[in-house]
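Data first, discussion second: the structure below is written as structure tokens.
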Amino acid sequence: MPGVHLPYLRGYPPEVLVQVQDLINAGRLAQILARRHAQAHDVRNERALYDYVSELKSSHMRSAPPLAKVTYDPKLHILKNVLGTHSAVSRVQGSRLKAKREMRIATLFKEAPADFLRMIVVHELAHLKEREHGKAFYALCLHMEPDYHQLEFDLRLWLTAQELAAANLPCECARQQPLGPA
Ligand SMILES: [Zn+2]
2 MPGVHLPYLR
12 GYPPEVLVQV
22 QDLINAGRLA
32 QILARRHAQA
42 HDVRNERALY
52 DYVSELKSSH
62 MRSAPPLAKV
72 TYDPKLHILK
82 NVLGTHSAVS
92 RVQGSRLKAK
102 REMRIATLFK
112 EAPADFLRMI
122 VVHELAHLKE
132 REHGKAFYAL
142 CLHMEPDYHQ
152 LEFDLRLWLT
162 AQELAAANLP
172 CECARQQPLG
182 PA
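Taking the working numbering, I'd label the letters of the sequence shown as residues 2 to 183.
See below:
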């Protein structure tokens, strides 16, 4: 589609992408998202993240295997692994093979609105039971967060807006402070 380049929204219908592009062109995307997801969170370190994840897990996913480790990971590639990772590190323990489960959440969620942290943790918790993004997986997500699909879409919009803001920085500076003599 000419003029529409929205890598975080791959797979969404073209008419949706056109609407998003219109909001971007009108300079309204970031503002709309900030209004819709105004609440911040204070899950700022790994201890707090572990507690946050444990609480969600024990209210909705009690039967899922326990998590050995929960971390914020600054190295997660945002575009490729936007939704965090989940891994089962297999290791031999005595004669049995035991899966030690870890959850890594991209560090950018430290600064994200509370809604998006909840969404990403719900997503990763669902992976404790379902590896693939299939029907059963999304049923689990919806069980934990009834608004899951809207939140995932809004997260993708937010990432788009974040990237645009970063890309536009030089223009803002240029506007405030003319570069060189006219
Ligand atoms: Zn996933």
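Glycine included, every Cβ here is placed at the ideal spot set by N, Cα and C.
Taking the straight line between their C-alpha atoms, what separation do you get for residue i and residue j?
i: Asn26; j: Leu141; result: 36 Å
i: Ala162; j: Leu30; result: 7 Å
i: Glu1; j: Leu129; result: Only positions 2 to 183 of the chain appear in the structure, and residue 1 is not among them; the question remains open.
i: Tyr53; j: Val71; result: 10 Å
i: Ala137; j: Leu109; result: 28 Å
i: Asp23; j: Ala167; result: 19 Å
i: Gly28; j: Arg132; result: 38 Å
i: Pro179; j: Leu165; result: Confidence at Pro179 is low in this model, with a pLDDT of 46, below 50, so the placement of that residue should be treated as unreliable; the coordinate-derived value is given next. Cα-Cα distance, rounded: 22 Å.
i: Pro15; j: Val21; result: 10 Å
i: Tyr13; j: Arg157; result: 11 Å
i: Gln40; j: Asn169; result: 25 Å
i: Val122; j: Arg11; result: 22 Å
How about residue i and residue j: do their beta carbons lie closer than 9 Å?
i: Gly149; j: Met104; result: Just to set this straight, residue 149 is Tyr in the shown sequence, not Gly. No, the pair does not count as a contact, with Cβ atoms beyond the cut-off.
i: His6; j: Pro114; result: no
i: Arg1; j: Lys111; result: Past the edges of the chain, shown from 2 to 183, lies residue 1, and the structure says nothing about it.
i: Asp155; j: Leu18; result: no
Give me the residue from the options with the minimum Cα distance to residue i.
i: Leu1; options: Lys70, Gln20, Leu158, Leu50; result: Because the chain here runs from 2 to 183, residue 1 falls outside it and cannot be looked at.
i: Tyr9; options: Ala107, Trp159, Gln20, His38; result: Trp159
i: Leu68; options: Val19, Tyr13, Leu18, Ala127; result: Ala127
i: Leu77; options: Pro66, Ala107, Ala65, Arg102; result: Ala107
i: Leu152; options: Val19, Glu16, Asp116, Arg11; result: Asp116
i: Pro66; options: Gln40, Arg102, Val19; result: Arg102
Since residue i and residue j are thought to touch, with beta carbons under 8 Å apart, how far apart are those beta carbons, to the nearest angstrom?
i: Glu47; j: Tyr73; result: 6 Å
Looking at residue i and ligand 2, is the gap between the Cβ and the nearest heavy atom below 8 Å?
i: Glu112; result: No copy of ligand 2 appears in this structure; the ligands present are ligand 1.
message: Between the stretch 129-141 and the stretch 61-73, can you find at least three pairs of beta-carbon atoms closer than 8 Å?
response: yes
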